[in-house]
Every structure is written in C-alpha cells, then in structure tokens.
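Before any comments, here is the structure.
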Amino acid sequence: MPENMSISVNGQSQVSYEKIDLDVIRDVDLNKLEPWDIQESCKIGTTPQNDWYFFSHKDKKYPTGTRTNRATAAGFWKATGRDKVIYSNCRRIGMRKTLVFYKGRAPHGQKSDWIMHEYRLDDNIVETTVSL
Numbered sequence: 001m002p003e004n005m006s007i008s009v010n011g012q013s014q015v016s017y018e019k020i021d022l023d024v025i026r027d028v029d030l031n032k033l034e035p036w037d038i039q040e041s042c043k044i045g046t047t048p049q050n051d052w053y054f055f056s057h058k059d060k061k062y063p064t065g066t067r068t069n070r071a072t073a074a075g076f077w078k079a080t081g082r083d084k085v086i087y088s089n090c091r092r093i094g095m096r097k098t099l100v101f102y103k104g105r106a107p108h109g110q111k112s113d114w115i116m117h118e119y120r121l122d123d124n125i126v127e128t129t130v131s132l
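In structure tokens, the structure reads:
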C-alpha cells in the first residue's frame with residue numbers, strides 16, 4: 001500500500017465477516033477469480049488503474065489444518081520472500097506477504113507478472129479501529 005495512503009479498518013466488522021455499508025473496497029473470493037479478472041471486480045471509478053484493493057477471507061487448504069488454499073482454476077498464488085512487519089505508532093499491527101501468481105499447477109507452474117501484497121492484522125489487535 002502506498003505510504004501516503006491511509007485507510008481505517010474496523011476490526012469489529014470487516015475482519016469478523018460483518019457487512020460494511022460503504023462498499024469502496026470490495027470483498028472478493030480469490031479462489032474463484034483469476035488475477036486478470038480481479039481488476040474488473042475491484043476498480044474504483046472509470047480511470048485506468050494499476051493497483052486494486054480488496055478484502056478476502058482466507059480459505060483453508062484442509063478443514064483441520066492451518067495452510068491457506070491459494071489455488072484458482074488457472075493457477076496458484078505462491079508466497080515469495082519473508083513477511084514484512086507493519087507498524088503504527090511504533091506498535092506492531094500486522095504483516096505484509098508478497099505473492100506471485102503461477103499459471104498451471106505446483107510444482108510445475110509458469111511464473112506470471114501478477115504480484116499481490118497480502119496485508120493481515122495481528123491477532124493481538126485490541127482496538128476496534130486501526131489506522132494503517
């Protein structure tokens with residue numbers, strides 16, 4: 001997210017699956033959308049954009065496991081590098097993970113130019129509103 005951009009996340013609503021009245025940032029199911037389809041679902045206004053923002057809840061790969069399912073019909077999102085800590089007022093509030101889309105199936109997928117930054121709140125966030 002650009003450093004000069006600030007959004008306020010209501011921890012009691014979007015993070016807990018409750019509906020937010022203002023639908024500026026869409027809620028999408030990443031397992032049902034290919035990266036080239038996300039832009040149509042998430043664009044804001046009519047001007048061309050290179051960045052899109054959306055909420056997406058994690059889908060578990062196995063019902064009793066902790067691994068995240070990042071597969072789509074055409075490929076999969078693969079995490080690259082280390083997660084980056086996000087701070088607000090010198091306090092850790094979340095993490096950023098970088099993912100790259102691969103066409104096909106692991107481990108033989110073909111790397112694409114699609115990159116996604118996944119932001120997630122820390123579990124220990126107590127306040128109902130966090131300024132990123």
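Residues 1 to 132 (full-length UniProt numbering) make up the sequence shown, in order. For every residue, glycine included, the Cβ atom is placed at its ideal position computed from N, Cα and C. Bear in mind the structure is a predicted one, so any value in this text is a computation, not a measurement.
Separation of residue j from residue i, as counted between CA atoms
i           : j      : result
Thr72       : Thr64  : 21 Å
Val28       : Cys90  : 31 Å
residue 146 : Lys84  : Not covered by the structure: residue 146. The range shown for the chain is 1 to 132.
Phe55       : Leu99  : 15 Å
Asp37       : Ser88  : 32 Å
Met116      : Gly109 : 17 Å
Ala79       : Lys111 : 12 Å
Arg82       : Thr46  : 35 Å
Met95       : Asp123 : 11 Å
Gln39       : Asp113 : 14 Å
Lys60       : Arg26  : 21 Å
Endpoints, the beta strand (DSSP E) within which residue i is located
i      : result
Gln110 : 110-121
Trp77  : 75-88
Ile38  : Counting along the chain, Ile38 falls outside any beta strand (DSSP E), though it belongs to the alpha helix (DSSP H) covering 35-42.
Lys103 : 91-103
Burial state of residue i (16 or more Cβ within 10 Å)
i     : result
Ile93 : buried
Arg67 : exposed
Arg70 : buried
Whether residue i touches residue j by CB criterion (8 Å)
i      : j      : result
Leu30  : Ser41  : no
Phe101 : Pro35  : yes
Lys103 : Gly75  : yes
Lys58  : Trp52  : no
Ile86  : Tyr119 : yes
is_contact[residue i, chain B] using C-beta, thresh 8 Å
i     : result
Asp51 : The displayed structure is made up of one protein chain only, and chain B is not part of it.
Which residues DSSP lists as bridging residue i, in chain order
i     : result
Asp27 : Phe55
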